[in-house]
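Colleague: Residue numbers (the working numbering): 149 to 380.
Idealized CB from N, CA, C, for every residue including glycine.
There's a structure below that I have some questions on.
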Amino acid sequence: MKKTDRKSNQNQQLQVQEINNLQIEDKDIDYEISKLSKTNRHAKIKSETLNITLVSLLLSMSTAVSLINVVIPFGITGVNVGFTLKYFVIAISFQVVGLYWGMIIGLLDGLLQFIIYGMSPLFRFTSSMGLMLWVFLFWLLFYKIFNIYDKESKSYRIFYSFISGVIIMVVQPFASATMTYFRSLIELEDKNFGFVSFMNSWISLMIFDLFAIILFVSLTYRIQLIVSKVRH
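Structure (structure tokens):
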């Protein structure tokens with residue numbers, strides 16, 4: 149009986165010890181999970197703070213270069229060097245801060261231009277929409293569909309950069325010109341003038357965008373390498 153009782157006590161002690169060990173392990177796991185969660189939260193806050201800082205910097209840069217008032221005449225239109233640089237800065241924003249913040253830069257640029265230069269609120273709003281589409285198209289074609297940044301083949305990057313650039317040069321000006329047409333209808337209520345504005349805006353923007361696209365295509369891969377090194 150004594151031996152049986154002793155064994156029973158030993159078994160009970162072992163069970164209690166195992167339960168205690170499990171409880172300690174559970175506490176350790178909970179602590180590690182809590183610690184990891186806090187670390188991730190801090191990292192996310194730090195990342196978003198960095199993005200906001202970079203957004204402010206890019207927005208300041210786009211505004212600063214837009215003040216450069218050098219116009220190169222091209223027949224029916226003229227290419228403003230300052231605005232070409234502005235469009236380039238906004239185009240690369242998705243590489244630096246991602247698509248979401250890049251499109252916000254496009255939206256905020258219209259608001260900032262309205263504060264600085266005034267003009268029609270509807271004009272500034274449609275300009276913002278055009279810039280948001282501008283960023284989205286670069287992200288969609290250069291990163292999402294063709295993803296030239298992960299390709300080591302130079303010929304692949306050149307070919308698909310050319311294809312992407314041509315698509316953007318047609319689509320984005322067409323969308324912006326369409327918004328110009330409807331804006332003219334709303335503000336002036338003149339269909340004939342609206343159509344003339346549409347054609348003039350489309351052709352002018354294609355010529356204008358061409359220079360910003362060439363600048364982007366020439367530098368985007370190098371910029372991506374720099375951003376990747378800094379991020380990692």
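Three or more beta-carbon pairs under 8 Å between the segment 270 to 285 and the segment 223 to 242, yes or no?
Modeller: Short answer: they touch.
Colleague: Hey, how far is the Cα of D153 from the Cα of I193?
Modeller: Residue placement at D153 cannot be trusted, given a pLDDT of 49 that sits under 50; what the coordinates show is reported in the next sentence. Between D153 and I193, the C-alpha separation is close to 59 Å.
Colleague: Can you check which of these residues, F330, L259, W287, is closest to F364 by C-alpha distance?
Modeller: Selected option, being the one with the closest Cα: W287.
Colleague: From M267 to I334, what distance separates their C-alpha atoms?
Modeller: 15 Å
Colleague: Here's a check: name, in chain order, each residue in its chain whose Cβ is nearer than 8 Å to the Cβ of L170, leaving out the five neighbours to either side.
Modeller: Reliability fails at L170, whose pLDDT of 49 lies under 50, so the model's placement of it is uncertain and the value that follows must be treated cautiously. Contacts found: none.
Colleague: Please state the DSSP three-state secondary structure of N199.
Modeller: helix
Colleague: Apart from the five residues just before and just after V229, which ones in its own chain have a Cβ nearer than 8 Å to its Cβ?
Modeller: I216, V218, V219, I220
Colleague: If you draw a straight line from the alpha carbon of I362 to that of F231, how long is it in whole angstroms?
Modeller: 14 Å
Colleague: Buried or exposed, going by whether 16 or more other CB atoms sit within 10 Å of the CB of R370?
Modeller: exposed
Colleague: In its own chain, which residues sit with a C-beta less than 7 Å from the C-beta of G226, not counting the 5 before and 5 after it?
Modeller: V219, I220
Colleague: Please report the Cβ distance between F236 and G258, rounded to the nearest whole angstrom; I am assuming they are in contact, meaning their Cβ atoms lie under 8 Å.
Modeller: Between G258 and F236 the Cβ distance is about 17 Å, and since that is not below 8 Å, they are no contact.
Colleague: For L247, tell me which candidate among Q320, K292, K302 has the shortest Cα-Cα distance.
Modeller: K292
Colleague: Looking at P321 and L353, is the spacing between their C-beta atoms short of 7 Å?
Modeller: yes
Colleague: Do S296 and Y308 have their CB atoms nearer than 7 Å?
Modeller: The sequence shown places Ile at residue 296, not Ser. Yes. Within cutoff.
Colleague: Quick one: what's got a C-beta closer than 8 Å to Y304's C-beta in the same chain, skipping five residues either side?
Modeller: I296
Colleague: Mind listing, in chain order, the continuous alpha helix (DSSP H) runs of no fewer than 4 residues lying wholly within the segment 242 to 320?
Modeller: 269 to 286
Colleague: Who are the Cβ neighbours of L256 in its own chain at under 7 Å, not counting the five residues just before and after it?
Modeller: L207
Colleague: Are the Cβ atoms of S332 and S345 separated by less than 7 Å?
Modeller: yes
Colleague: Label D298 either buried or exposed according to how many other C-beta atoms from any shown protein chain fall within 10 Å of its C-beta, with 16 as the threshold for buried.
Modeller: exposed
Colleague: With distances taken Cα to Cα, identify the nearest neighbour of Y329 among V318, N348, I311, V314.
Modeller: N348
Colleague: What is the DSSP secondary structure of L170, counted as helix, strand or coil?
Modeller: Residue placement at L170 cannot be trusted, given a pLDDT of 49 that sits under 50; what the coordinates show is reported in the next sentence. Note: L170 maps to helix in three-state DSSP.
Colleague: To the nearest angstrom, report how far apart L336 and L260 are at their CA atoms.
Modeller: Put simply, the backbone Cα of L336 is about 25 Å away from that of L260.
Colleague: Determine the burial state of V314: buried for a count of at least 16 other Cβ atoms within 10 Å of its Cβ, exposed for fewer.
Modeller: exposed
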